[in-house]
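Here the protein sequences come in this chain order: A, B, C and D.
Residue 469 in this note's numbering sits at position 469 of the first sequence, with consecutive numbering throughout.
For this note's numbering, count along the second sequence from 1 and bump the result up by 510.
For this note's numbering, count along the third sequence from 1 and bump the result up by 1214.
For this note's numbering, count along the fourth sequence from 1 and bump the result up by 1317.
Just so it is clear, CB atoms sit at the ideal spot from N, CA and C, and this is done for glycine as well.
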Amino acid sequence: MDPNTAGWALVVALFLPLVGAGLLSLMPAAMDQQIRRAAVVITTVAFALVAVITASFDYGRSGELQFTTDVSWITAIDARFSLGMDGISLPLFFLTYLLPVLCAIYTTKHLPSPGKPKAFLGLMMVLQTGMAGTFVAFDLVLFFIFFELTLVPMFFMIGMWGGPRRDYASVKFFLYTLFGSVFMLVAFLAIYFQAGASTWSIMELSEMAPFGSSTFQTWAFLGVFLGFAIKVPVWPFHTWLPDAHTEAPTVGSVLLAGVLLKMGTYGFIRIGLPILPEGALRFAPLIGVLAVIGIVYGSLCCLAQTDVKRLIAFSSVGHMGFVMLGIAAMNEAGIQAALFGNIAHGIITGMLFFLAGSLHERYHSREISVIGGGMLTKIPKYGVMFAYVAIASLGLPGLAGFWGEFTAMWAAISPGLGLADSYQGLYLTLVIFAAIGTVLTAGYFLWLLQRVNLGKPPERWANEPLDDVQAIEWVSWTPLLILILALGVYPRLLFGVQNDAVANLVSFLG
Amino acid sequence: MEALLEYAYVVVLLPLISAAAIAAFGKQLPWKGAELGIAALGIGWLMSVGIAWQTFMNSPMEPVEEFFRWSPLGGGFVFELGMLVDGLTAMMLLLVTTVSLMVHIYSREYMKGEVRFTYFYAMLSLFTFSMLVLVIANNLLQAVIGWELVGLCSFLLIGFYWEEKSNQDAANKAFLTTKFGDVGLIVGVIVLSAGMFGLTDTPFNIIEINQAATDGLLSTSTIVLGMLLIFLGCISKSGQMPLHVWLPDAMAGPTPVSALIHAATMVTAGVFLLARLFPVLAQSALVMGVIAIVGVITLFFGGLLALVQDDLKKILAYSTISQLGYMVAAIGVGGYTASIFHLFTHGFFKALLFLGAGSLIHAVHSNNISDMGGMRKAMPHTFWTFIIGSLALAGFPLTAGFFSKDEILIAGEIWAGGGFLTGNLVYWIGLAAAGVTTFYMARACFLVFAGENRSHHPPHESGKQMVGPLMLLAVLSVASGYLLSPFSPDQPNFETWTQTPILDGDAVYPFTVDETVAFGVQGDGVIASSGSVLAAEAGDGPVSVLHGVPSWHPDLLAIVLVIFSLAVFLAWRFYGKGLPEKDPMLQMGPVTRALVAKYGFDDFGYRYIVVPVRDVLSRWATTSSNTYIDGAVAGVGKATKSAAMATYRTIDQKVIDGAVNGSALSAAWWSDRLKRIQSGDVQRYAGAIVAGVIVLVLAFAAAR
Amino acid sequence: MSLIGPLLLATFLFCVGIYGIIARRNAVLVLMSVELMLNAVNINLVAFQNVLFPGEEAVSGLMFALFIIGVAAAEVGVGLAIVFNMFRNRATVNVDDVDLMRW
Amino acid sequence: MTGLDVVFVLVGLLTAAGAVLTVTSKNLVHAALALAVTLAGIAGVFLVLHADFLALVQLVVYVGAVAVLFLFGLMLTRAPIGREALDSQNRGLALAVSGGLFVVLSTLIVLAFGDVRVDAMTGPGIDVIGIAIFAVWVLPFELLSMLLLAALIGAIVLARREDGESGEEAEVTRIEVGDPPINESDGPPAEVAGDGQAELPAGSGGGGQA
């Protein structure tokens, strides 16, 4: 497959899940098992195609767009159907196709009430198309459509298959993120008209930048910032996240943490920075401060949690803080760190949510005090797995979590674009507090492990037959476990792929 | 042989392979995986010996550096994965593999029958791998990686008996305390590497950083800030005051672990890193002053704590803290060679002591010296080896500890001669602490080996697999000192072995009197810039951290002997006849009462020297350690928890979330009122439309 | 003759139509009022045809008026049908009884 | 003040009076007749403005067809007669906005076009109009025919009774204002009953099924 001409492959891969969702909807609802298996097949086929795309991607030119499609679409407003993929998009795109396969496999055995696998898996595939499209759309209108397309399936996933407070959580999720999107859309329109009302192309706009007055840059970036910051979420816009995560079904949480949040940071990197460099520069210190508050604050909140899943959700706030710190550094290393942190968090936290879901199925509760410890004795394989992922999440070197965190701090010590001259002290302070955040992170994860993993199992569970890791769980989790280690040991897997693309992107910043 | 240096990384990889292999199929093997660990470490040890020999015989030699450009990090910078083999690395490789091999062999008998025997061996190998990653690193980022992995392994091993809450707490405490120090380390490394931007595309490379520092390419603020932060990491990892609190608690792990991690290798990581970056920190008098003062405080007060312990392992733990204080203090007074020489010898004799202690504990099933006694007859091998280790630790002449500790004191003396007060501090407090060390070791030895057997188990000598390592380590505890002794002044010796070319330049200690006066570490007078006293004292060439051919120092020898005898004598006085009814160490009456209670000439020294030290200072040290410093750590933990609770409950749930809900509610309120406009009466709508038209028409007309 | 004569007449009819739409309850009367307004517009169009294209071939004003008459016829047809339907379903033709669109 | 002006004023006054009567009459039929007068008056205005063809169309379509249609509409809806029955409570509002609009518009018109004259000329002949319709405006013209067809069909569909539906039944099933929406769970049985009645002659089998 020639990456220069095979734009069709990307289009096919992108809409395959959507078509798959349509096919699923044609199957009679009574064929419960067949539906679940069909979903596995469809997602696997899509993943296989993406794997072929990944394999044939020209890594020597990862800074340029490949697999491009660019056809006229809505001529009245100059919107084009413009797809493409570079080193920044590729890893996220890959992840977007890997996780649904695992989720589909997981769903063959585990599906919360009220069942209905047809609707559930169909929604998941629609969601997949939305997420994947966000990462390969190179037209602002198209980007926005894919970006918003994800809201609806996720809303229904939480609202129908969620926990006891699902109505509240789903509505909050939907409204909160939609609220941000409105400002983002306004900012997109402002960008379009300010740039001469002739193109929505992200690449052309990036090359045109900076345009418009300083006031325009500030306000436009504010709009973009609100849209993406709520999605990420940046402190103090994070309150939807714990609720959504806590109530969402396991698969929903995995996809939410694994891919959906990444759309926010991807948007910052792909749109916010190159198109509005002056606005971004003005906001960078603020983003940095909010990021670090998020790190420390998220960790503090984690310490206070009693629900495992909610704790993991809050840990996302802290981890995404590191990603945002990388963006706030406004240099190549920072963006590399942000992208690495993105993927690493997606894999690790996605895995943690899988584990939390299984925890609930075994103990019928996620309260730490109810579980009461002793998992290492009671279900040793599961306990080891839990410890492994938790330790990866706290940023141990050699596992994926480390590189995003360390590189973000490293990049922030000498921020780019002249920030180093005016904000040197601020950024040093940020780095120190971020580092203290890592201690707090270690603190709450170790405390969590101590309370659920170590010690002796309490009496109520001692004689209860609890399954250790089941076969289906092995199948759906092993790829993630391997990725955690592989990325930690060999960070070039990501850094190398992204390097040229990030350099290219930073060149737009001036 | 030359090629061996190129393959030094194999030494690092072997334990990793064995750890993975043990974890994968160790349980199916006849020795439950132990043989894999022992084999891997055995090969690694042989290679290390070869490497050490190679580097030693060719010393001083250029370092061998090899690396992969492992990953780009953005901005054109590269993370290397590589190895830097010079004398210092070779020395550490030798030390780590030796002790680790001994521990591997020893543990097979010691841990026999443990439920998680295989897991234990996997962790031991993994730990060894981590430490070797740190040791062989050619760049600071790789060192950080090794450093953190070491911390994790230590967490896993301290919490080995994780059914008990106290062990879990100890493991968490160790990990978190050292992790706190890691904040300093990581930020420090970041600061240093930021100073390298623009000079190189490999900003973490240790050789390049050292070179840049000595060439004056790094700004003073970078050096001071970076090194002080890195030193914070060393404080926590190497058990310096006030972050030493985790180390005694870490004795909750199995005894071989204590030997490997908390005595011989892991805790020396901090000192090792300081030695690695010595050319950088030597650029600033402030940094050196801080290091020296922290070291002095630790070596003295850490040692005092050991006086009142009943747990044998805790005595050894506190002695470790004290000895690490010596090493750190030596770095702070320019005693590069002295520091790592002590690190080297201390590794052997402290491992010996811990393994000996393990042998005793194995026999009597208790950690407490009050439960032992009379072990000399029952366990002759353990007895002799333990005594040799104790003598080395106490710095008895002609043992390894004597040569290395004296090097430190002489380094202090030379530094003092350069006009720095810290030199005097190290010299005198170091001497005093040596007395304390001698005393508590003598106390332990007497209580354990002399007198009647107080244990509830009939003691028995340990098996060959435990005694063998003890013997070998005992030999090394004596022999390793002769690498740098006046008996063998010829080169090569330890000094040339660990010397790096960069240390031989003129650029070390560029600071002048003015600067040092400003930092308040200047004593009376003499400069240390480009001439001088250092050179004069050392008796050779340019200013250098090295002081040349080792020589006898009769004055020091005399003092050391006196202190040693005095301390042993005192210990014998108290404990020579077995456990006293009331252990004087535990009778902490006021000084006056102690004065009255003692008679005779011997009591004079006891009254005016021992009592204040033992009854006041040591208690104060113990209390401050346990109540204040420990309490502060706990308090910070509690405060954090309550702050977390408070933050979550008030700010997050009420203020921030409240604002979100509030906006929704206000929208609902307004809509409830505004909806009444929608009367459903179409005609009213039409009227409203026309009214709007009128307004618009007027507006447009007005605009014209 | 003066242009403002037809224009004022058109305006008057238009406003009377508006009055009828708002003030009348009977749906048929409302429709009648709509017719008044449409016719007012036609007067305007014809008047301006005379001003803008006097004696020319262009007949845009007339054409528009013609089309409006056609559309108005269609509108009356459909509108009355709707009124019948409403009458059949609710037994009333009063527009203020039909307020399903209220909150 | 030409003769044409005089004619225009007379015709205009007639038209205006008819219009006022249309919206104020208490009798529905009177209102419809007044509308017819108004529309005829407008035809006269067209004549004065030299739009002969349009005047004819106005007479044929409006006075001939639309006005009659309205009369039919009034008959079929059995509308009550009287001021209260014909006028809503919005008379004040109606007067205010229509009066206001008239004042504003007429002021503006006088200000803008006060001095424009429409001088005597002949309007375009029928031949010109014919050519215009079938050469220049043919597409809109055809579309208009489509529209009329659609309106025809739409009017038939809307006005036609459902099969088996009688006026009395319609009154029973109509939705009262403010009624709660029909409960979903009650929906299916009601439908079944309705279907049954549709298939069978009223009164014969419907009772048995219900």
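Cutting at 7 Å between CB atoms, please list the residues of its own chain near GLN975 of chain B, excluding the five before and the five after it. The residues ILE615, TYR616, ARG618 and GLU619, in chain order, have a CB closer than 7 Å to that of GLN975 of chain B in the same chain once the five nearest residues on each side in sequence are set aside.
Does any residue of chain B have a CB that is nearer than 8 Å to the CB of LEU1243 of chain C? no
Whose C-alpha, out of D:GLY1361, D:VAL1421 and D:PHE1419, is nearest the C-alpha of VAL1323 of chain D? D:GLY1361
How is the beta strand (DSSP E) around LEU501 of chain B delimited, first residue to last? This structure does not reach residue 501 of chain B, given that chain B is present from 511 up to 1214, and the question cannot be answered.
Identify each residue in the region 491-503 of chain A for which the Cβ-Cβ distance to at least one residue of chain B is less than 9 Å, and report them in chain order. PRO491, ARG492, LEU493, LEU494, PHE495, GLY496, GLN498, ASN499, VAL502 and ALA503
Identify, in the order they occur along the chain, each residue of the same chain with its Cβ nearer than 7 Å to the Cβ of VAL1509 of chain D, setting aside the five sequence neighbours on each side. Confidence in VAL1509 of chain D is poor, its pLDDT being 40 and thus under 50, which makes the residue's placement too unreliable to answer from.
DSSP state of VAL71 of chain A, grouped into three classes? Correct three-state label for VAL71 of chain A: strand.
Range of the contiguous alpha helix (DSSP H) that encloses GLY592 of chain B: Not the alpha helix (DSSP H): GLY592 of chain B falls in the beta strand (DSSP E), residues 587-595.
Counting only C-beta atoms, is LEU1222 of chain C closer than 8 Å to chain B at any point? no
DSSP three-state assignment for ALA6 of chain A, whether helix, strand or coil: Assignment of ALA6 of chain A by DSSP, reduced to helix, strand and coil, places it in the coil class.
Taking beta-carbon pairs under 9 Å, can you tell me which members of the region 670-685 of chain B lie near chain A? TRP672, GLU673, GLU674, LYS675, ASN677, GLN678, ASP679, ALA681, ASN682 and PHE685
Completely contained alpha helix (DSSP H) runs for the region 175-255 of chain A, where each covers 4 or more residues: Qualifying alpha helix (DSSP H) stretches, in chain order: 202-208, 214-231, 240-247 and 250-255.
Please identify, using Cβ separations under 8 Å, the residues of the region 1420-1450 of chain D that lie next to chain B, in order along the chain. VAL1421, LEU1422 and LEU1425
Following the continuous alpha helix (DSSP H) through PHE782 of chain B, name the residue where it begins and the one where it ends. DSSP places PHE782 of chain B in the uninterrupted alpha helix (DSSP H) bounded by 779-786.
Contact criterion: CB-CB distance below 8 Å. Does SER62 of chain A meet it with respect to chain B? no
Can you tell me whether MET31 of chain A is buried or exposed? The criterion is at least 16 other CB atoms within 10 Å of its CB, across all chains shown. Counting Cβ neighbours within 10 Å, MET31 of chain A comes out exposed, since fewer than 16 surround it.
Which listed residue (A:ARG61, A:LEU16, A:PHE15 and A:ALA13) has its alpha carbon closest to that of ASN504 of chain A: A:ARG61
Identify every residue that forms a DSSP beta bridge with ASN715 of chain B. Note: ASN715 of chain B sits in a beta bridge opposite B:ASN649.
Between which two residues does the alpha helix (DSSP H) holding PRO968 of chain B run? Taken as a continuous stretch (DSSP letters only), PRO968 of chain B belongs to no alpha helix (DSSP H), as it is neither H nor E.
Is there a C-beta anywhere in chain D that falls below 8 Å from the one on LEU1208 of chain B? Chain D contact via Cβ: present.
Who are LYS79 of chain A's beta bridge partners in DSSP? The sequence given here has Ala at residue 79 of chain A, not Lys. According to DSSP, which records beta bridges pairwise, ALA79 of chain A is partnered with A:ILE74.
Which term fits GLU572 of chain B, buried or exposed, when burial requires 16 or more other beta carbons within 10 angstroms of its beta carbon? exposed
Per-residue DSSP class, three states only, for PRO525 of chain B: helix
6 Å Cβ shell around ILE1236 of chain C - same chain, five flanking residues per side excluded: none
Go ahead and label GLY418 of chain A buried or exposed: buried means 16 or more other beta carbons lie within 10 angstroms of its beta carbon, across all protein chains shown. exposed
Am I right that THR688 of chain B and LYS747 of chain B are in contact with their C-beta atoms under 8 Å? What's the rounded C-beta distance? Here THR688 of chain B really is in contact with LYS747 of chain B; their C-beta atoms are around 5 Å apart, less than 8 Å.
Using a threshold of 8 Å, state whether the C-beta atoms of ALA169 of chain A and GLY162 of chain A are closer than that. yes
Considering only their Cβ atoms, is the gap separating MET409 of chain A from ILE700 of chain B smaller than 8 Å? Yes, the Cβ-Cβ distance between ILE700 of chain B and MET409 of chain A is below 8 Å.
LEU1223 of chain C versus THR1332 of chain D - alpha carbon distance: In a straight line, the C-alpha of LEU1223 of chain C is about 8 Å away from that of THR1332 of chain D.
Out of A:THR68, A:THR177 and A:MET85, which one is the CA nearest neighbour of LEU260 of chain A? Each of A:THR68, A:THR177 and A:MET85 was checked against the Cα of LEU260 of chain A, and the nearest Cα belongs to A:THR177.
Of all the residues that make up the region 1182-1210 of chain B, which are near chain D by a beta-carbon distance shorter than 8 Å? ASP1191, GLN1193, ARG1194, GLY1197, VAL1200, ALA1201, VAL1203, ILE1204, VAL1207 and LEU1208
Should the region 118-130 of chain A be regarded as contacting the region 17-36 of chain A, the criterion being three or more beta carbon pairs within less than 8 Å? yes
Bridge partners for PRO582 of chain B per DSSP, in chain order? B:VAL588
From the DSSP output, which residues share a beta bridge with ALA137 of chain A? DSSP output for ALA137 of chain A lists A:LEU83 as bridge partner(s).
I'd like to check one pair, LEU591 of chain B with PHE578 of chain B: are the Cβ atoms closer than 8 Å? yes
Hey, does HIS1367 of chain D have any beta-carbon neighbour from chain C nearer than 8 Å? yes
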